[in-house]
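Per our numbering, the very first residue in the sequence shown carries number 746; after that it's consecutive.
C-beta atoms are modelled at their ideal positions from N, C-alpha and C, and glycine is treated no differently.
This structure is a prediction, so every number in the text was calculated from the model and none was measured.
Some notes on the structure that comes next.
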Amino acid sequence: MQEIEFKFREGHSRIFGKILRPFADVILQNEGKELLYHMIVDSGADLTLIPKSVGDYLGFKIDNDSIKEVKGVGEQNVQIVLKKINLQIGNKKIEADIAWCLIEEVPLVLGRKDVFDNFEITFKDNKTVFRY
């Protein structure tokens, strides 16, 4: 079994001030294009989320029939298009369903669907550890 770990990164919370959050380096791949991003690892998120500009770069197209609406923690409606993409964490590549958000104001979030099925993920000692 292989293992890769990522240190938590410092962020800012309006409530707590300085806070540490779990991140992972993820390569997003589609149609011969790829991007490396530091994504928040969120076991409470159903899907992986990317903002509009990232999907645009990766060559995604909007089919108006495929637009859906989801609600986040703040109960704000966000339009998304479900897409399949290749993700790479460490040396492991997987195909994953993601939510391409049609706005920019969303963080890059690594959610449960497909990701947590393919990796054993633990949060410990301010590190996120992926085993595969």
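Nonlocal neighbours in the same chain, by C-beta distance under 7 Å from residue i, ignoring five residues either side
| i | result |
| --- | --- |
| M784 | F768, A769, V771, L853, V854, L855 |
| E849 | P796, K797, S798 |
| K872 | E750, F751, K752, F753 |
| K778 | Y802, L803, G804 |
Bounding residues of the beta strand (DSSP E) (the contiguous stretch that carries residue i)
| i | result |
| --- | --- |
| S758 | 754-758 |
| A790 | No beta strand (DSSP E) holds A790; DSSP gives it neither H nor E. |
| I848 | No beta strand (DSSP E) holds I848; DSSP gives it neither H nor E. |
| I764 | 762-766 |
| R876 | 872-876 |
| E814 | 812-816 |
Simplified DSSP assignment, three categories, for residue i
| i | result |
| --- | --- |
| D801 | helix |
| N831 | strand |
| N809 | helix |
| Q824 | strand |
N- and C-terminal bounds of the alpha helix (DSSP H) containing residue i
| i | result |
| --- | --- |
| V878 | Nothing about residue 878 can be reported from this structure: the residues present for the chain run from 746 to 877 only. |
Status (buried if at least 16 other CB within 10 Å, exposed otherwise) for residue i
| i | result |
| --- | --- |
| L781 | exposed |
| G756 | exposed |
| G804 | exposed |
* Asked: Do the segment 806-818 and the segment 831-842 make contact, defined as three or more Cβ pairs closer than 8 Å?
  -> no
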